[in-house]
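Here's the structure we're looking at; comments come further down.
Protein chains in written order, with our numbering: chain A, 435 to 747; chain B, 502 to 779.
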């Protein structure tokens with residue numbers, strides 16, 4: 435780096451926030467624009483324009499095998515709700531969200547409380563905890579097929595060895611609730627590490643003297659947890675629940691790998707894929723994408739309103 | 502009371518470790534067995550005669566399945582590597598401008614970038630497919646990398662913005678007074694100081710890219726560009742592939758992200774927390 439003498443420049447103290455620029459330039463400064471332009475080109479061309487396209491095109495009939503595209507109002511949406519596979523996938527997805535958000539939040543709280551303690555091997559446990567978050571959902575599907583499988587799965591083997599079941603059972607694709615529960619456990623396995631970390635961060639923000647005060651007042655560990663810890667980690671729990679809502683409402687990899695196209699476990703995102711890329715009815719696909727997007731935003735907002743309380747220390 | 506808490510803690514530790522590791526152990530266990538052993542009832546909880554035959558046949562054998570596993574492994578490496586490099590460079594430039602420079606519309610642009618994070622990624626699946634078709638980029642590395650980069654940029658920019666904003670501005674100002682241009686300040690001061698944040702961003706981007714499935718299923722599903730996830734899902738769909746071989750393919754597909762997660766988990770944790778808590 436060159437060391438020069440700044441002639442006439444003065445290291446002024448500014449109160450309008452930090453910036454490394456030496457002189458206040460009156461004329462147009464192109465540098466920040468140049469720096470953000472690659473980002474903006476990507477965001478506009480490959481995120482905002484496509485998102486706008488999804489909204490607009492969901493009101494058109496766009497069929498690959500039946501061009502051209504024609505405006506048809508809300509016909510795509512009407513068609514969606516008369517398609518049995520899609521209606522049942524909406525019910526399935528509702529179950530995925532309920533089970534997934536509840537389980538990942540509960541486990542996330544438990545894991546975070548465990549990881550908040552100081553013990554030997556804690557950092558190794560964090561490394562283990564993060565693993566399922568870091569691995570591809572498709573491969574996690576393969577991993578768990580090998581556990582739930584009706585012919586060779588680990589669960590059947592353990593249950594028969596313990597004489598809890600007489601002979602091997604087929605778990606996936608029979609009963610709708612069991613199928614969805616078992617598939618969602620696989621997704622919970624993947625998303626819980628992030629929930630745990632988010633809640634752990636909130637736990638670590640709680641000042642230690644609050645716990646001291648609680649114990650001086652004779653509060654039991656459970657009372658301390660209910661009355662001190664829980665209210666103060668609500669912001670962390672909120673973020674964890676919102677990320678779980680987004681992940682579960684858009685679940686695709688796990689049901690696709692574990693249960694294929696079968697109606698017992700099919701999700702809305704899977705139906706979007708089938709409608710668009712197998713039936714080649716893009717108009718309906720756009721409409722379904724738009725519905726999931728709106729549902730994601732609405733449910734996230736509801737969770738935010740219900741769970742979030744501002745916290746000040 | 503103290504005693505009981507202590508006892509409960511170790512139950513919790515054991516639960517986290519077993520919950521995470523049993524499924525992975527089970528896949529590893531199956532991958533080290535012969536097809537006959539893997540289909541026995543009850544199952545072998547440890548491989549009776551550990552064999553690497555499944556790995557050998559996938560990594561060195563001939564035929565449709567081994568060849569597609571090998572070529573898709575290479576595709577995954579190329580696509581994830583390229584997406585990570587491009588994302589980190591673009592996000593670093595933009596984050597520096599957002600964190601340290603004033604310009605008209607800065608806030609509006611920044612919020613527009615962040616707002617795209619609130620939308621589910623699959624909102625844009627069909628239009629992106631159309632766009633890539635128009636430009637002839639379906640089944641090309643360029644096409645899938647462009648889509649990955651556009652998907653990962655908002656989070657990457659957000660993490661780097663937070664990291665750079667937390668750096669003390671005095672060093673940059675001193676360099677500026679010494680006559681360094683702003684680009685020199687970025688290169689020689691900000692980037693070295695922000696290295697942990699940049700590493701976090703790179704790791705998280707790489708892992709996200711490695712796990713992608715639906716986008717490549719639509720945009721790069723022929724042998725020239727399909728990643729491991731697409732190949733593995735299609736093997737699973739054909740019921741002729743035995744579990745022992747499937748498990749070995751699964752272990753091959755998770756070896757690199759698993760190693761990254763275990764060794765570099767510190768960076769992942771700090772990146773994810775700066776990326777989502779603020």
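Backbone N, C-alpha and C fix where the C-beta goes; we use that ideal spot for every residue, glycine too.
Just so it is clear, the structure is predicted and the values come from calculations on it, not from any experiment.
Closer than 8 Å, CB to CB, is residue i near chain B or not?
i: residue 582(A); result: no
i: residue 472(A); result: yes
i: residue 435(A); result: With a pLDDT of 35 at residue 435(A), under the threshold of 50, the predicted position of this residue should be treated as unreliable, though the coordinate-derived value follows. Chain B contact via Cβ: present.
i: residue 443(A); result: With a pLDDT of 38 at residue 443(A), under the threshold of 50, the modelled position of this residue cannot be trusted; read the value that follows with caution. It does; some Cβ of chain B falls within 8 Å.
i: residue 539(A); result: no
i: residue 699(A); result: no
i: residue 749(A); result: The structure shown has nothing for residue 749(A), since chain A only spans 435 to 747.
i: residue 438(A); result: Any reading at residue 438(A) must be qualified, since the residue scores a pLDDT of 36, below 50, and its modelled position is unreliable; the value itself is stated next. Yes, because at least one Cβ of chain B sits closer than 8 Å to the Cβ of residue 438(A).
i: residue 501(A); result: no
i: residue 447(A); result: Confidence in residue 447(A) is poor, its pLDDT being 43 and thus under 50, which makes the residue's placement unreliable; the coordinate value appears in the next sentence. Residue 447(A) does not count as touching chain B.
i: residue 694(A); result: yes
i: residue 571(A); result: yes
i: residue 605(A); result: no
i: residue 505(A); result: no
Please check if any C-beta of chain A sits within less than 8 Å of the C-beta of residue i.
i: residue 737(B); result: yes
i: residue 549(B); result: no
i: residue 510(B); result: yes
i: residue 502(B); result: Confidence at residue 502(B) is low in this model, with a pLDDT of 48, below 50, so its placement is unreliable and the value that follows should be read with caution. For residue 502(B), the answer is yes, since a Cβ of chain A falls inside 8 Å of its Cβ.
i: residue 571(B); result: no
i: residue 597(B); result: yes
i: residue 696(B); result: no
i: residue 838(B); result: Residue coverage of chain B in this structure runs from 502 to 779, which leaves residue 838(B) outside it and unanswerable.
i: residue 756(B); result: no
i: residue 459(B); result: The requested residue 459(B) is not part of the displayed model; chain B covers only 502 to 779.
i: residue 514(B); result: yes
i: residue 720(B); result: no
i: residue 564(B); result: no
i: residue 751(B); result: yes
i: residue 524(B); result: yes
i: residue 659(B); result: no
i: residue 665(B); result: no
i: residue 763(B); result: yes
Just checking my contact of residue i with residue j at CB under 8 Å: how many whole Å lie between their CB atoms?
i: residue 699(B); j: residue 656(B); result: Rounded, the Cβ-Cβ distance is 14 Å, inconsistent with contact.
i: residue 708(B); j: residue 686(A); result: At roughly 18 Å, the Cβ-Cβ gap does not stay under 8 Å, so residue 708(B) and residue 686(A) are not in contact.
i: residue 511(A); j: residue 729(A); result: So it is not a contact: roughly 13 Å between Cβ atoms.
i: residue 664(B); j: residue 695(B); result: 5 Å
i: residue 488(A); j: residue 628(B); result: 6 Å
i: residue 569(B); j: residue 732(B); result: 5 Å
i: residue 717(A); j: residue 495(A); result: 5 Å
i: residue 725(A); j: residue 497(A); result: That pair is no contact at about 19 Å.
i: residue 674(A); j: residue 542(A); result: 5 Å
i: residue 538(B); j: residue 691(A); result: Not really, about 24 Å apart at Cβ, beyond 8 Å.
On a Cα-Cα basis, can you pick out the residue from the options that is closest to residue i?
i: residue 698(A); options: 648(A), 535(A), 518(A); result: 518(A)
i: residue 610(B); options: 595(B), 546(B), 551(B); result: 595(B)
i: residue 701(B); options: 581(B), 616(B), 773(B), 574(B); result: 773(B)
i: residue 679(A); options: 663(A), 550(A), 534(A), 649(A); result: 534(A)
i: residue 607(B); options: 506(A), 473(A), 651(A), 488(A); result: 473(A)
i: residue 614(B); options: 689(A), 485(A), 477(A); result: 477(A)
i: residue 462(A); options: 693(B), 604(B), 769(B); result: 604(B)
i: residue 580(A); options: 620(A), 561(A), 554(A), 675(A); result: 620(A)
i: residue 756(A); options: 520(A), 539(A), 594(A), 490(A); result: In the structure as shown, chain A starts at 435 and stops at 747, and residue 756(A) therefore has no counterpart that could be examined.
i: residue 565(A); options: 513(A), 628(A), 617(A), 539(A); result: 628(A)
i: residue 719(A); options: 736(B), 625(B), 726(B); result: 625(B)
i: residue 673(B); options: 723(B), 689(B), 616(B); result: 689(B)
i: residue 431(A); options: 557(B), 510(B), 703(B); result: Lying before the first or after the last residue shown, residue 431(A) is absent from chain A, which here runs from 435 to 747.
i: residue 470(A); options: 576(B), 593(B), 775(B), 642(B); result: 593(B)
i: residue 671(A); options: 631(A), 658(A), 661(A), 602(A); result: 631(A)
i: residue 681(A); options: 644(B), 618(B), 536(B); result: 618(B)
i: residue 632(B); options: 705(A), 481(A), 643(A); result: 481(A)
i: residue 512(B); options: 591(A), 464(A), 551(A), 522(A); result: 551(A)
Any heavy atom of the ligand SAH closer than 7 Å to the beta-carbon of residue i?
i: residue 680(A); result: Looking for the ligand SAH in the displayed structure turns up nothing, as the structure carries no ligands at all.
How do the segment 741-754 of chain B and the segment 580-590 of chain B stand: do at least 3 beta-carbon pairs fall below 8 Å, yes or no?
Short answer: they don't touch.
Are the segment 521-530 of chain B and the segment 539-555 of chain B touching, with three or more C-beta to C-beta distances below 8 Å?
Yes: the two stretches touch, three or more of their Cβ pairs being nearer than 8 Å.
Counting Cβ pairs, one atom from each stretch, are 3 or more of them under 8 Å apart for the segment 519-533 of chain A and the segment 607-614 of chain A?
Touching, per the Cβ criterion.
If contact means a Cβ-Cβ distance below 7 Å, which residues of the segment 516-528 of chain A contact chain B?
Close to chain B, meaning a Cβ-Cβ distance shorter than 7 Å, is no residue of the segment 516-528 of chain A at all.
Closer than 8 Å, Cβ to Cβ, to anything on chain B: give me those residues from the segment 654-667 of chain A, in chain order.
Residues are counted here when their Cβ sits less than 8 Å from a Cβ of chain B; for the segment 654-667 of chain A these are 654, 655, given in chain order.
Is the segment 656-672 of chain A close to the segment 566-585 of chain A, with three or more CB pairs under 8 Å?
Fewer than three Cβ pairs drawn from the segment 656-672 of chain A and the segment 566-585 of chain A lie within less than 8 Å of each other, which leaves the two stretches out of contact.
Between the segment 623-645 of chain B and chain A, which residues of the former have a C-beta closer than 9 Å to a C-beta of the latter?
Residues of the segment 623-645 of chain B with a Cβ closer than 9 Å to any Cβ of chain A, in chain order: 623, 624, 625, 626, 627, 628, 629, 630, 631, 632.
For the segment 639-652 of chain A, enumerate the residues whose C-beta is nearer than 7 Å to any C-beta of chain B, in chain order.
Residues of the segment 639-652 of chain A with a C-beta less than 7 Å from any C-beta of chain B: none at all.
Using a Cβ cut-off of 7 Å, which residues of the segment 685-718 of chain B contact any Cβ in chain A, in chain order?
For the segment 685-718 of chain B, the set of residues with a beta-carbon nearer than 7 Å to any beta-carbon of chain A comprises 685, 686, 689, 708, 711, 712, 714, 715, in chain order.
Should the segment 649-665 of chain A be regarded as contacting the segment 551-561 of chain A, the criterion being three or more beta carbon pairs within less than 8 Å?
They do not touch, by the three-pair rule.
Scan the segment 548-570 of chain A for residues whose Cβ lies nearer than 7 Å to a Cβ of chain B and list them as they occur along the chain.
From the segment 548-570 of chain A, only 548, 551, 553, 559, 560, 561, 562, 563, 564, 565, 566, 568, 569, 570 have a Cβ closer than 7 Å to chain B.
Is it true that the segment 750-757 of chain B meets the segment 565-575 of chain A, where meeting means three or more beta-carbon pairs spaced less than 8 Å apart?
Touching, yes, given that three or more Cβ pairs across the two stretches are closer than 8 Å.
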